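As you go down the protein sequences, you meet chains V and X in turn.
Numbered continuously in the working numbering, the first sequence closes out at residue 481.
Numbered continuously in the working numbering, the second sequence closes out at residue 481.
Every residue, glycine too, gets a C-beta built ideally from N, C-alpha and C.
Since the model is a prediction, treat every value here as computed from it, not as a measurement.
Inspection log for the structure reproduced underneath, given as structure tokens.
There are 2 protein chains.
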Amino acid sequence: MEELENGSIANPDENRMVGHYWLRTPTLAPSKELTDTIQKTLDQLKQISRQVHDGSLQSPSGPFTDLLVVGIGGSALGPQFVGKALGHPQKDKLKVHFFDNTDPDGIDLTLAAIGSSLKSTLVLVISKSGGTPETRNGMLEAENAFSNSGLNFAKHAIAITGEGSKLHKYSQENEWLEFLPMWDWVGGRTSETAAVGLLPAALQGINIDDLLTGASEMDQLTRNSDYRKNPAAMLALAWHHLTDGKGSKDMVILPYKDRLELFAKYLQQLIMESLGKEKDLDGNTVHQGISVYGNKGSTDQHAYVQQLREGVPNFFATFIEVLKHRNGDSIKVDENGMDSGDYLHGFFLGTRDALYEKDRKSITLTILEVTPYTVGGLIALFERAVGLYASLVGINAYHQPGVEAGKKAATAILTVRESVINFLRQNTGTGYTTKEIASEINNLDKTDWVFKILENLAINQPEHVRREKAESPTEDRFSAI
Amino acid sequence: MEELENGSIANPDENRMVGHYWLRTPTLAPSKELTDTIQKTLDQLKQISRQVHDGSLQSPSGPFTDLLVVGIGGSALGPQFVGKALGHPQKDKLKVHFFDNTDPDGIDLTLAAIGSSLKSTLVLVISKSGGTPETRNGMLEAENAFSNSGLNFAKHAIAITGEGSKLHKYSQENEWLEFLPMWDWVGGRTSETAAVGLLPAALQGINIDDLLTGASEMDQLTRNSDYRKNPAAMLALAWHHLTDGKGSKDMVILPYKDRLELFAKYLQQLIMESLGKEKDLDGNTVHQGISVYGNKGSTDQHAYVQQLREGVPNFFATFIEVLKHRNGDSIKVDENGMDSGDYLHGFFLGTRDALYEKDRKSITLTILEVTPYTVGGLIALFERAVGLYASLVGINAYHQPGVEAGKKAATAILTVRESVINFLRQNTGTGYTTKEIASEINNLDKTDWVFKILENLAINQPEHVRREKAESPTEDRFSAI
Chain V
1 MEELENGSIA
11 NPDENRMVGH
21 YWLRTPTLAP
31 SKELTDTIQK
41 TLDQLKQISR
51 QVHDGSLQSP
61 SGPFTDLLVV
71 GIGGSALGPQ
81 FVGKALGHPQ
91 KDKLKVHFFD
101 NTDPDGIDLT
111 LAAIGSSLKS
121 TLVLVISKSG
131 GTPETRNGML
141 EAENAFSNSG
151 LNFAKHAIAI
161 TGEGSKLHKY
171 SQENEWLEFL
181 PMWDWVGGRT
191 SETAAVGLLP
201 AALQGINIDD
211 LLTGASEMDQ
221 LTRNSDYRKN
231 PAAMLALAWH
241 HLTDGKGSKD
251 MVILPYKDRL
261 ELFAKYLQQL
271 IMESLGKEKD
281 LDGNTVHQGI
291 SVYGNKGSTD
301 QHAYVQQLRE
311 GVPNFFATFI
321 EVLKHRNGDS
331 IKVDENGMDS
341 GDYLHGFFLG
351 TRDALYEKDR
361 KSITLTILEV
371 TPYTVGGLIA
381 LFERAVGLYA
391 SLVGINAYHQ
401 PGVEAGKKAA
411 TAILTVRESV
421 INFLRQNTGT
431 GYTTKEIASE
441 INNLDKTDWV
451 FKILENLAIN
461 QPEHVRREKA
471 ESPTEDRFSA
481 I
Chain X
1 MEELENGSIA
11 NPDENRMVGH
21 YWLRTPTLAP
31 SKELTDTIQK
41 TLDQLKQISR
51 QVHDGSLQSP
61 SGPFTDLLVV
71 GIGGSALGPQ
81 FVGKALGHPQ
91 KDKLKVHFFD
101 NTDPDGIDLT
111 LAAIGSSLKS
121 TLVLVISKSG
131 GTPETRNGML
141 EAENAFSNSG
151 LNFAKHAIAI
161 TGEGSKLHKY
171 SQENEWLEFL
181 PMWDWVGGRT
191 SETAAVGLLP
201 AALQGINIDD
211 LLTGASEMDQ
221 LTRNSDYRKN
231 PAAMLALAWH
241 HLTDGKGSKD
251 MVILPYKDRL
261 ELFAKYLQQL
271 IMESLGKEKD
281 LDGNTVHQGI
291 SVYGNKGSTD
301 QHAYVQQLRE
311 GVPNFFATFI
321 EVLKHRNGDS
331 IKVDENGMDS
341 GDYLHGFFLG
351 TRDALYEKDR
361 KSITLTILEV
371 TPYTVGGLIA
381 LFERAVGLYA
391 SLVGINAYHQ
401 PGVEAGKKAA
411 TAILTVRESV
421 INFLRQNTGT
431 GYTTKEIASE
441 INNLDKTDWV
451 FKILENLAIN
461 QPEHVRREKA
471 ESPTEDRFSA
481 I
């Protein structure tokens, strides 16, 4: 960890440094140049945020009221978690929306939620590589929506991406409002304390200085080489102990606080993408990882504590206790003078005990309150624990080779889709079975893809592709109209 | 299944019939009386919904604009899933909010989201037993919020609960607007097609007749005793095959459609609470169950497909493919003429292939579009698959004995809390360590509870309880002020 923080190549496959710790203590970065870049970007994003709030940066129709974040994975999960944990429906400075997928209907629903506020919506397009297709599609859909409403997208758009990336160039050519850099030494899943996480948070009105302080102080605590005084080391060791060092049990995350509802989803990425690896650093096949799921207590007690207590013993629980119940006074809800928060606390302790009774293990983390400071601390704690656990089991926590396979297959499928469309067009009016088409385009080994594509085309382009039903789907005939 | 549908005692531990199938085909109910009750309740809830929409049932301040559902578990997950799957931010007839926990801060956030619309908010309080503490607390918090705004809660409130329950009586004594019955032969997790699910959906503006038709037709399809033609039987057999009939693998639910994002959460309850059982019907210890998690594709590819493809092989995937991309035309997003939906489809097929390549198994369900009809069908399909799977492994799918343990422990903890408060009050001004207090109230074996309670009291009632820090938490002294 010390070497990693000093700038060694901690991600050997990609020959990269791993520097998310420098983001909250820039003086730690291995060169003055890096320190300055981090500080400059932080100053820049704070300035943007101030200007948006004071109206000196505004849309052609007036001050910004809404924020649309276009991003997926590490570029959405952090802002979603932090925005929900620290936001407030009435006090937020901008109302935040997301395009976090390439689902056209989902995009339409988000646009409907924005409604007539589109004219005063600021758009952040976030993609580290600048080439993420879902984000590119989301950006083009957003651009189209603005243009359909007679609005100039460039006057609403800010890019956060790697310097020189496709997205960077596109933002320059189209004269977007601003550009903020992402660096190859920050992974998407550890980018909450980079511009990716900080700009949306700052724009929403969240105190990012406190968030950075919380993360920085947790980093300091988790540098302790005495593992008993290092909470991240204790956490990593507990994971190792509870999962036999090979992910033999799932991690169920149960925060007893509505604000933390998305933490499990955030950790799902941080932990599963970091630890879910086929090979260890020596190249041995190990199939590592820990599965993570959960929502919030006591709600989840009514969903699946039945199974946790009595069913397959294939998990350990991680409870997150939040001491403070609410701001302001509470009414009494029973004859013994208890309030709603006392019940929540009772359910947390009661569930923990009910699991313990049945030899289901758990870890408890306690925080005073959900604030930018504690959220920064939680993020840094789990980031470090993941890094330490990866060292314990000897894997690279900072790459994600398995993600590429799905992307490559998707690209191959889109190529087959194009061939199918071209073949049908060249033979307009004639009906073919799936197998005939697969054979004609030399994809007989991908007949399943061809069928799925034809089925999909007939539904989505009924004006171009016709499906004649037969006895069985394999006999159905497809033709271009 | 045939016996169950005919009214046999399919839930032997609780000596109850299991009748959620009758809800969508009331003529199937085992007596004319039951058929009439189901039909009458359905007519009643449709009438309420019509009256709310046409303004003949309105708040003292005018037509209802918002709906607050107070419920947890089966009384929230269904309405949340269906509301998100079939709702629309601009077209919904009422804007829907939830109190689905007893977190005071979460309640305050929901109230802040409702804001000044509280005066035109209709409240559904849903608890089958009528005694769920989280729901009781939520109701009292809502009542208090209305009263603080000078509003008469009773003129806004409808109860859905068992006839004669505490909640039913409370609603009668306080002259609430309406009451709708829940029956002991409908489980919370299978109550989406009872008033619990249908009234919120109808109020939101969702076509519940289509939802019921979809469920009813799926029920019909899944009555086929030829398992190859029975999709629920095929699903249950696949689960059995993939998890060795003992939950050896997790079920990862990946719908490629934003609208279905909450389906995994809904299924988490339906499947885990139904199948997660310690004993089989013969009383043998079996620790059954299947763990369920997931959100949506392609978003989740960026979160954890890395682990699914390369990491611990402890799961099987369930893809849900939705054929129709969107209503209306799409722009092209690349030089090959593809649109956002073509990409979504490519990612689904690509991920499925990438998993298959690594011998990670999956099931695919394909639906035309997310409509009330298909959502009703999906719900009925999984309800039946769960029932059939339970038969395969010989367990009772319709009780939840493990949930009681946590509730009992919570009650015990609240009693200890009361004792701690009483002891401190009787000894105002004097400081005691945790152990001293535990000893004084005869709970030495629950010293951990006593500490957690004292820590919590000092934070939430600083005007009543003082904590003096010492060298270590066990030495800290607590006193009443």
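- By the neighbour-count definition (other C-beta atoms within 10 Å, threshold 16), Thr190(X) is a buried residue.
- Taking a C-beta cut-off of 9 angstroms against chain V, the contacting residues of the segment 299-314 of chain X are Thr299, Asp300, Gln301, His302, Ala303, Tyr304, Val305, Gln306, Gln307, Leu308, Arg309, Glu310, Gly311, Val312, Pro313, Asn314, listed in chain order.
- Sorting Asp244(X), Tyr227(X), Gly164(X), Glu463(X) by C-alpha distance to the C-alpha of Leu388(X) places Tyr227(X) at the top.
- Taking a Cβ-Cβ threshold of 9 angstroms, the residues of chain X close to Arg417(V) are Asn336, Met338, Asp342, His345, Gly346, in chain order.
- Short of 6 angstroms from the beta carbon of Leu262(X), and not among the five residues preceding or following it, lie these beta carbons of its own chain, in chain order: Gln80, Phe81, Lys84.
- When DSSP reads this structure, Thr364(X) sits in a beta bridge with Phe319(X).
- For His53(X), there are no neighbours in chain V by C-beta distance under 8 angstroms, as the nearest C-beta there is about 20 angstroms away.
- Put simply, the CB of Asp445(X) is far from chain V, with every gap to its CB atoms at 7 angstroms or more.
- One thing to note: Gly131(X) has its Cβ within 7 angstroms of the Cβ of Lys166(X).
- Excluding five sequence positions before and after Ser216(V), the CB atoms of its chain that fall closer than 7 angstroms to its own CB belong to Arg24, Thr25, given in chain order.
- Along the segment 436-470 of chain X, the positions whose C-beta sits under 8 angstroms from a C-beta of chain V are Trp449, Lys452, Ile453, Glu455, Asn456, Ile459, Asn460, read in chain order.
- Under the three-state reduction of DSSP, Ile395(V) is assigned to coil, being neither helix nor strand.
- Contact of Pro26(X) with chain V is not assigned, every C-beta pair being separated by 7 angstroms or more.
- In the DSSP annotation of this structure, His302(V) is not part of any beta strand (DSSP E); the continuous alpha helix (DSSP H) holding it starts and ends at 301-310.
- The alpha-carbon of Thr37(X) is positioned some 11 angstroms away from that of Met182(X).
- Around the beta carbon of Gly297(V), 16 or more other beta carbons sit within 10 angstroms, so the residue counts as buried.
- Spatial neighbours of Thr374(X) in its own chain (CB-CB distance under 7 angstroms, excluding positions within 5 residues in sequence) are listed in chain order as Gly214, Ile367, Leu368.
- Counting C-beta pairs with one atom in each stretch, the segment 293-310 of chain X and the segment 306-319 of chain V have fewer than three that are closer than 8 angstroms, which means they do not touch.
- In this structure, the beta-carbon distance from Gly350(V) to Gly289(V) does not fall below 7 angstroms.
- The Cβ of Ser330(X) sits closer than 7 angstroms to at least one Cβ of chain V.
- Contacts with chain X (Cβ-Cβ distance below 8 angstroms) from the segment 390-414 of chain V involve Gln400, Pro401, Gly402, Val403, Ala405, Gly406, Lys407, Lys408, Ala409, Ala410, Thr411, Ala412, Ile413, Leu414, listed in chain order.
- For Arg259(X), the C-beta contacts it makes with chain V under 9 angstroms involve Asp103, Asp105, Gly106, Leu109, in order along the chain.
- At a cut-off of 7 angstroms between beta carbons, Arg326(X) contacts chain V.
- Of the other Cβ atoms in all chains shown, fewer than 16 fall within 10 Å of the Cβ of Ser31(X); this residue is therefore exposed.
- Legend: CB atoms of the segment 75-100 of chain X lying less than 7 angstroms from CB atoms of chain V belong to residues Leu77, His88, Pro89, Gln90, Asp100.
- The C-alpha of Trp185(V) is placed about 43 angstroms away from the C-alpha of Gly276(X).
- Proximity of Ala159(V) to chain X, defined by a Cβ-Cβ separation below 7 angstroms, is not satisfied.
- Going by C-alpha positions, Ala202(X) is about 36 angstroms away from Pro473(V).
- Note that the C-beta distance between Glu321(V) and Thr285(V) is not below 7 angstroms.
- Contact of Asp184(X) with chain V is not assigned, every C-beta pair being separated by 7 angstroms or more.
- Contact residues of the segment 278-289 of chain V toward chain X are Glu278, His287, Gln288, Gly289 (C-beta to C-beta distance below 7 angstroms).
- The Cβ atoms of Val18(V) and Val70(V) lie no closer than 7 angstroms to each other.
- Fewer than three beta-carbon pairs drawn from the segment 96-108 of chain X and the segment 43-60 of chain X are found closer than 8 angstroms, and the two stretches are therefore not classed as touching.
- At the C-beta level, Val292(X) and Leu267(X) come within 7 angstroms of one another.
- If you look at Glu357(V), you'll find it in the alpha helix (DSSP H) that goes 340-357.
- DSSP places Pro255(X) inside the beta strand (DSSP E), whose first and last residues are 250-255.
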